[in-house]
Amino acid sequence: MKECRIRSHLLPVTLIISLFLFLIHLLLWRSTAVIRTDIDYVINTELYNYTHPMHLLSSNDYRLLVNFTFTFDQLSLRCNESTFLLVLVHSSPGNFQKRSTIRSTWGAKTGWMNIVFVTGRTENLTVRHQLKKENKLHGDILQGSFLDAYRNLTYKHVMALKYAVYHCAQAKYILKCDDDIFINIKLLKNYLSTDLSPFGIRNGLLCPVQSTASPFRTYRSKWRVSFEEYPGRKYPPYCLGYVIIYSPDVAFALYRAAQSSSTIFWIDDVHITGTMAEKSNISHTDITEWVIPYKDQMSLVNNNVYPIKPFLVSRPDLSETEIKTFWNRVQAISVPKSISSIPRDKTMRPKFI
0 MKECRIRSHL LPVTLIISLF LFLIHLLLWR STAVIRTDID YVINTELYNY THPMHLLSSN
60 DYRLLVNFTF TFDQLSLRCN ESTFLLVLVH SSPGNFQKRS TIRSTWGAKT GWMNIVFVTG
120 RTENLTVRHQ LKKENKLHGD ILQGSFLDAY RNLTYKHVMA LKYAVYHCAQ AKYILKCDDD
180 IFINIKLLKN YLSTDLSPFG IRNGLLCPVQ STASPFRTYR SKWRVSFEEY PGRKYPPYCL
240 GYVIIYSPDV AFALYRAAQS SSTIFWIDDV HITGTMAEKS NISHTDITEW VIPYKDQMSL
300 VNNNVYPIKP FLVSRPDLSE TEIKTFWNRV QAISVPKSIS SIPRDKTMRP KFI
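Counting from 0, one number per residue, gives the positions in the sequence shown under numbering that gives the first Met the number 0.
Here it is as structure tokens:
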């Protein structure tokens, strides 16, 4: 009987001690573990055959581009079942040398990547003829039936998404970029297939994010936006469009939203990855951490010094010579199998918005 009474007194004490030890363990785990609460995309852990819900588009959608009747003037390259990554490079019709440089460096043909150069029409007859010859030779020009102009960038962006939806639904990832940047393509492949998933992701919109921008209202700015064009005081968070990675479902959702929108705004980054993303309830994953810092870019370009920390993409406005310099330098070093093994700079931790 006495032994039973002792045990009954010890039981609450034991519970208190156990609870105390559990709380200590929990606090220690929280202080040391990397808790990923910042992920919006969904990793596919097994083969995932995504199919675009084409029935949600209008019956004549293919022949429409936002608000006018549309055709592909040039459409030579198609994806196949082995396409892991579709790269859509926005390029002006006359940028022959830029396209040639990309083909000979980071955009060289591989079995896992399909690259197309996205452009519009030109009024220059010589350029028009040369562009047709270029496409006959390489088969990688995607040209739409609208004038290639700064104020038509949104049409170009939507056309690129149209191509992805209708002609490259097999791709696990879609990358949109400009023709004046360098993609660290081998590390990018490792990032997509190892850090993300070889089976792709869902709900993915990865890019350098701008979340505090407002329209330029001054008449002296070439980027002036009138209140009629955009009445809001601030832009929604949007991608800096020199590099964007979409999962196929997000590409479709943004395309569908743009095609059905009653308004169009000429700054494509804001309209597609800001307004349409917000309308479609799509969040951004900020990959600014993996864009090469400006000082490192200058050191690489001017002094051929490779940065200590690997990067996925350069900053924009590179010349053809600078792209080649990037390529030659990257070729001379080993490529990490993933970026998760690379020490993260806490001051540059990616933000998920």
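Glycine included, every Cβ here is placed at the ideal spot set by N, Cα and C.
Contacting residues, own chain, Cβ-Cβ under 8 angstroms from residue i (five flanking each side not counted)
i, result
"W111", "S81, T82, F83, L84 and K188"
"L299", "I291, Y305, P306, T324, F325 and R328"
"Y335", "As written in the sequence, residue 335 is Pro, which differs from the Tyr given in the question. Answer for P335: L186, N189, P309 and I341, listed in chain order."
"T193", "K336, S337 and S339"
"L239", "C206, P207, V208, Q209 and D268"
Per-residue burial, residue i [other beta carbons within 10 Å of its own, 16 or more giving buried]
i, result
"R314", "buried"
"G143", "buried"
"A331", "exposed"
"T68", "exposed"
"E45", "exposed"
"F118", "What sits at residue 118 in the sequence shown is Thr, not Phe. So T118 counts as buried."
"L146", "exposed"
"D248", "buried"
"N183", "buried"
"E133", "buried"
"D316", "exposed"
"P92", "buried"
"Y218", "exposed"
"P230", "exposed"
"L55", "exposed"
"T320", "exposed"
Beta-carbon gap between residue i and residue j smaller than 8 angstroms
i, j, result
"I244", "Y172", "yes"
"L204", "A256", "no"
"C167", "N113", "yes"
"L141", "Y162", "yes"
"N43", "F226", "no"
"L160", "Y237", "no"
"C109", "I322", "The sequence as given places Thr at residue 109; Cys does not occur at that position. No, they are not a contact pair."
"V115", "L87", "yes"
Residues near residue i in its chain [Cβ-Cβ closer than 6 angstroms; skip 5 each side]
i, result
"D357", "Only positions 0 to 352 of the chain appear in the structure, and residue 357 is not among them; the question remains open."
"V242", "C176 and V312"
"I101", "none"
"S259", "none"
Cutoff 7 angstroms; reference residue i; Cβ partners in own chain excluding five residues on either side
i, result
"Q129", "F95"
"I263", "V65, N66, T153 and H270"
Interface flag, residue i vs chain B, CB-CB below 8 angstroms
i, result
"T70", "Protein chains in the displayed structure number just one, and chain B is not present."
Minimum C-alpha distance to residue i - residue among the options
i, options, result
"S339", "G273, Y162 and L191", "L191"
"A170", "T104, P236, D179 and A250", "A250"
"I180", "S220, Q296 and S213", "Q296"
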